[in-house]
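If you're matching positions, the sequence shown starts at 1 in full-length UniProt numbering and goes up one per residue. Backbone N, C-alpha and C fix where the C-beta goes; we use that ideal spot for every residue, glycine too.
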Amino acid sequence: MRTALAELILPSNSPLAGEPYDKIDAERLAGVLKALADPARLRLLSLIQASPDGEACVCDLTAPIGLSQPTVSHHLRILTESGLLEREKRGVWAYYRIVPSAIQQIADLLTPPRKRATKKAAR
């Protein structure tokens with residue numbers, strides 16, 4: 001079951017809105033950050049993002065990562081459940097795409113408020 005990333009990462013009462021996280025929001029955010037806190041998962045995200053079509057088949061990700069297909073699929077499932085990837089089944093293979101808004105929300109979360117305001121003004 002996939003939760004909307006906007007709720008997961010940037011709830012309305014986040015520090016970005018000037019209020020501290022409550023326990024539930026902090027646990028949700030920690031789950032997303034935990035999904036990112038693995039070198040294999042970070043590499044998978046970068047490989048998918050660098051793919052010419054912006055998507056990659058699990059069959060194309062095992063060799064570059066150097067892990068078995070079941071292990072790669074496990075990591076991809078965690079990234080998908082956290083809302084960072086979208087999965088599309090085509091025949092026997094699954095293809096994965098990054099959810100751009102998810103990555104942007106994480107970037108916003110990690111950007112100090114003053115720099116965020118400068119970036120938004122420049123848009």
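query: According to DSSP, is Leu110 helix, strand or coil?; result: helix
query: Is it the case that the Cβ atoms of Ala35 and Ser82 are separated by a distance below 8 angstroms?; result: yes
query: Determine the contact status of Leu79 and Arg28, defining contact as a CB-CB distance below 8 angstroms.; result: no
query: Can you tell me where the beta strand (DSSP E) holding Ala94 begins and where it ends?; result: Trp93 to Ile98
query: Where Gln104 and Gly54 are concerned, what is the direct C-alpha to C-alpha distance, given to the nearest angstrom?; result: 16 angstroms
query: Measuring alpha carbon to alpha carbon, tell me which residue in Thr111, Ala102, Asp108 and Leu109 is nearest Gln49.; result: Ala102
query: Would the beta-carbon of Ile65 fall within 8 angstroms of that of Leu44?; result: yes
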